[in-house]
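Structure first, commentary second.
Residue numbers (this note's numbering): 119 to 309.
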């Protein structure tokens, strides 16, 4: 939002400085907006990421306390018990799959039949080039995309065994099918 529309960043207190915009910083499925006026005329896009990469990033981000008190509370209540062990977390992932940071991405971008409702799906693996194209399409100034909320972790493939890879593949089968990721262990592009 900041890169596209200049919205200010929230601090750890997570107050909304823009009360005229409902939930400007949260994660909502596209279906929330599908029935609104002009929905069909808006250009809509979404960014997806390899489920394996996204899961390592989300776990690391939240395990570090995230960027606000809600993230830190989530860490303390649910993730602290894993002591930073990603593998142990993956074994219990079915308990967390409904949380916005771990929910399958197709739930955010598709309707109930699985049809993609956005006009363009951008893959995180090609984010910089795709954002440049998007900025040209929307006649934006072409400023580089800032990297916010980065988590500190090794390359994601190093966190997986064949069995944890398969478990993630099974839980995120909808994302893999919808967005064309490979299920095979170790076959994802590393960035």
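Beta carbons are placed, not taken as given, at the ideal position from N, Cα and C, and that holds for glycine.
Here the structure is a predicted model, which means the values were calculated and not measured.
- Taking C-alpha positions only, residue 209 is separated from residue 282 by approximately 7 Å.
- Following the DSSP letters along the chain, one finds residue 164 inside the beta strand (DSSP E) bounded by residues 163-166.
- The beta carbon of residue 274 lies closer than 6 Å to those of 170, 171, 174 in the same chain, with the five residues before and after it left out.
- Here the alpha carbons of residue 276 and residue 298 stand approximately 22 Å from one another.
- Residue 239 has 164 as its beta-bridge partners, per DSSP.
- By the Cβ-count criterion, residue 251 is exposed, with fewer than 16 other Cβ atoms from all chains shown falling within 10 Å of its own Cβ.
- Burial check for residue 198: the Cβ neighbour count within 10 Å stays below 16, so the residue is exposed.
- Residue environment: residue 201 is assigned as exposed (fewer than 16 neighbouring CB atoms within 10 Å of its CB, all protein chains considered).
- Annotated three-state conformation of residue 185 is coil, per DSSP.
- For residue 212 and residue 293, the gap between their C-alpha atoms comes out near 15 Å.
- Here residue 234 is bridged, per DSSP, to 228.
- DSSP places residue 213 in the helix class (H, G or I) of the three-state scheme.
- Classified as exposed, residue 233 has fewer than 16 neighbouring CB atoms from the shown chains inside 10 Å of its CB.
- For residue 259, the three-state secondary structure derived from DSSP is coil.
- Rounded to whole angstroms, residue 257 and residue 160 show a C-alpha spacing of 15 Å.
- Here the alpha carbons of residue 269 and residue 176 stand approximately 8 Å from one another.
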